[in-house]
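Asks: Mapping to numbering that gives the first Met the number 0: the sequence shown position 134 is 133, numbers consecutive. Below you'll find the structure I mean.
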Amino acid sequence: MKRRKFIERSSSALVGAALFSNHALAGGLASPTKETGELKTISILHTNDTHSHIEPIASGRNQGKGGVARRAYTINEIRKENPNTLLLDCGDIFQGTPYFNFYGGELEIKLMSMMGYDAATLGNHDFDNGIDGLYKQLPHANFDFVISNYDFANTIMDGHSVQNKVYVIDGVRVGLFGLGIELTGLVDPKLYKETKYIDPIEIAQDQARILKEEEQCDLVICMSHLGYSYRNEKVSDLKLAEATSGIDLIIGGHTHTFLDRPEIVTNIKGNQVLVNQVGCYGINLGRVDFYFKEGKTEAGGNIVYNI
Numbered sequence: 000m001k002r003r004k005f006i007e008r009s010s011s012a013l014v015g016a017a018l019f020s021n022h023a024l025a026g027g028l029a030s031p032t033k034e035t036g037e038l039k040t041i042s043i044l045h046t047n048d049t050h051s052h053i054e055p056i057a058s059g060r061n062q063g064k065g066g067v068a069r070r071a072y073t074i075n076e077i078r079k080e081n082p083n084t085l086l087l088d089c090g091d092i093f094q095g096t097p098y099f100n101f102y103g104g105e106l107e108i109k110l111m112s113m114m115g116y117d118a119a120t121l122g123n124h125d126f127d128n129g130i131d132g133l134y135k136q137l138p139h140a141n142f143d144f145v146i147s148n149y150d151f152a153n154t155i156m157d158g159h160s161v162q163n164k165v166y167v168i169d170g171v172r173v174g175l176f177g178l179g180i181e182l183t184g185l186v187d188p189k190l191y192k193e194t195k196y197i198d199p200i201e202i203a204q205d206q207a208r209i210l211k212e213e214e215q216c217d218l219v220i221c222m223s224h225l226g227y228s229y230r231n232e233k234v235s236d237l238k239l240a241e242a243t244s245g246i247d248l249i250i251g252g253h254t255h256t257f258l259d260r261p262e263i264v265t266n267i268k269g270n271q272v273l274v275n276q277v278g279c280y281g282i283n284l285g286r287v288d289f290y291f292k293e294g295k296t297e298a299g300g301n302i303v304y305n306i
């Protein structure tokens, strides 16, 4: 019922979501049937917590899944279907295999650049070689690191990330901002040095306002490494969605949560927000399609492919 209500209430944009396992590619996503007006489709592809998994997983229940080569193939096939695509990552790019221990993150960033990532936010493990180790890899990135609630003043990272980013895709303005988890208790302070954590709910509301009102974005996306949900009062993606307004999609990381489909959350103003996360280790590639046309639309779809 909750999902049906979302579909019925969609007006300025329709959304369909698909989850792709990284070892295969599903068929094209069905579009809403609307005979009048130009329909524009914006595809949002996203990963999280890849943790230096360059090759397919060697053993266990996910044996043979994942791997950068399969991810790259899937991404390229989707881009052939829809060139209006953004590719985003929600942090914890580093740490987890000997590739990180040997190359310090260089290989991961170079491969992401080759795959054409548009932006990424930061996870706690991205500081595992220290803030200096993170900074060292920046020249290999052909994409922006977007992080809004870390203050890097008095650190080597000052001025080397952005608080938000706006893309204009086929006339549709898409705004991004990023949120990182509190590093205290997760990372040795000697590694992140004077990096300051700022309340993510306060920052998210401010960034959503800037992107919606000042930048006139049609779609606002939060790239989060806060975690999907907690049993305590710790800020999570679900709590963030409930406590803010102006965000259309939250794509997350940190808790390695495998969702079959995006969760639909009602925000503080009674509007609905999609929240999605696609597990870890590059096993899955998330896809959310937004459909735009002039005037109001009347029907939508939310489709999930499980491979």
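Ideal Cβ positions, reconstructed from N, Cα and C, are used throughout, including at glycine.
Give the secondary structure of isoleucine 146 by DSSP, where H, G and I count as helix, E and B as strand, and everything else as coil.
Replies: Looking at isoleucine 146 - three-state DSSP - the assignment turns out to be coil, as it is neither helix nor strand.
Asks: Alpha carbon to alpha carbon, how far is methionine 222 from serine 58?
Replies: Looking at the two C-alpha atoms, the distance is approximately 30 Å.
Asks: What residue range does the beta strand (DSSP E) around valine 167 cover?
Replies: Taken as a continuous stretch (DSSP letters only), the beta strand (DSSP E) holding valine 167 covers 163-168.
Asks: Given a threshold of 16 other Cβ atoms within 10 Å of its Cβ, counted over all protein chains shown, does threonine 49 qualify as buried or as exposed?
Replies: Result: buried.
Asks: Is it true that the CB of phenylalanine 289 sits closer than 9 Å to the CB of valine 219?
Replies: No, Cβ-Cβ distance for valine 219 and phenylalanine 289 is not below 9 Å.
Asks: Contact between the region 152-164 and the region 190-198: three or more CB pairs below 8 Å?
Replies: Contact between the region 152-164 and the region 190-198 is present, because at least three Cβ pairs lie under 8 Å.
Asks: Which residues does DSSP pair with glycine 174 in a beta bridge?
Replies: Partner(s): Val165 and Val219.
Asks: Quick check: what's the CA-CA separation for histidine 253 versus aspartate 125?
Replies: Rounded to the nearest angstrom, the two C-alpha atoms are 11 Å apart.
Asks: Using a 10 Å radius around the Cβ and a threshold of 16 neighbouring Cβ atoms, would you call proline 97 buried or exposed?
Replies: So proline 97 counts as exposed.
Asks: Closer than 8 Å by C-beta to arginine 70: which residues in its own chain qualify, once you throw out the five before and the five after it? Chain order, please.
Replies: Asn21, Thr46, Met114, Gly281 and Leu284, listed in sequence order.
Asks: Where does glycine 71 sit, in a helix, a strand or coil, going by DSSP?
Replies: Sequence check: residue 71 is alanine here, not glycine. Helix.
Asks: Please report the distance separating the alpha-carbon of valine 287 from that of glycine 174.
Replies: Going by the C-alpha atoms only, they are around 15 Å apart.
Asks: Per DSSP, which residues does glycine 179 bridge with? Please list them.
Replies: Its beta-bridge partners are His224.
Asks: The alpha helix (DSSP H) with serine 112 in it runs from where to where?
Replies: Element bounds for serine 112: 105-114.
Asks: Taking just the CA atoms, how far does asparagine 81 sit from aspartate 117?
Replies: Answer to the nearest angstrom: the Cα atoms are 15 Å apart.
Asks: What residue range is occupied by the uninterrupted alpha helix (DSSP H) comprising asparagine 201?
Replies: Residue identity differs from the one stated: residue 201 is glutamate in this sequence, not asparagine. Looking at the DSSP string, the run of the alpha helix (DSSP H) that includes glutamate 201 is 199-208.
Asks: Need the endpoints of the alpha helix (DSSP H) that isoleucine 41 sits in, please.
Replies: Unbroken run through isoleucine 41 is the beta strand (DSSP E), 39-46; no alpha helix (DSSP H).
Asks: Kindly indicate the opening and closing residues of the alpha helix (DSSP H) around asparagine 100.
Replies: From DSSP, the alpha helix (DSSP H) with asparagine 100 extends over 97-102.
Asks: Taking the beta strand (DSSP E) that aspartate 88 belongs to, which residues open and close that run?
Replies: 84-88 is the extent of the beta strand (DSSP E) around aspartate 88.
Asks: Can you tell me where the alpha helix (DSSP H) with leucine 239 in it begins and where it stops?
Replies: Per DSSP, leucine 239 belongs to the alpha helix (DSSP H) from 236-242.
Asks: Using DSSP bridges, identify the partner residues of glutamine 271.
Replies: Beta-bridge pairing links glutamine 271 to Thr265.
Asks: For threonine 40, count neighbouring Cβ atoms within 10 angstroms of its own Cβ and tell me buried if that reaches 16, exposed if not.
Replies: Looking at its Cβ environment, which holds 16 or more other Cβ atoms inside 10 Å, threonine 40 is buried.
Asks: In three-state terms, what does DSSP make of phenylalanine 93?
Replies: Three-state DSSP puts phenylalanine 93 in coil, outside helix and strand.
Asks: Taking the C-alpha atoms as reference points, what is the distance between serine 228 and leucine 248?
Replies: C-alpha separation (whole angstroms): 16 Å.
Asks: Taking Cβ positions, are glycine 104 and serine 160 nearer each other than 9 Å?
Replies: The answer is no: Cβ separation not under 9 Å.
Asks: Do three or more CB pairs link the region 138-147 to the region 160-172 at distances below 8 Å?
Replies: Contact between the region 138-147 and the region 160-172 is present, because at least three Cβ pairs lie under 8 Å.
Asks: Going by alpha carbons, who is nearest to isoleucine 108 out of Tyr72, Ile74 and Val67?
Replies: When each option's Cα is compared against that of isoleucine 108, the closest is Val67.
Asks: Once the 5 residues before and after isoleucine 43 are set aside, which same chain residues still bring their CB inside 6 Å of it?
Replies: Cβ neighbours of isoleucine 43 beyond the five flanking positions: Leu85 and Val287.
Asks: Helix, strand or coil, according to DSSP, for proline 31 in the structure here?
Replies: Note that proline 31 scores a pLDDT of 41, beneath 50, so its modelled location is shaky and nothing firm can be said.
Asks: How about isoleucine 202 and leucine 178: are their beta carbons less than 9 Å apart?
Replies: Closer than 9 Å, so yes.
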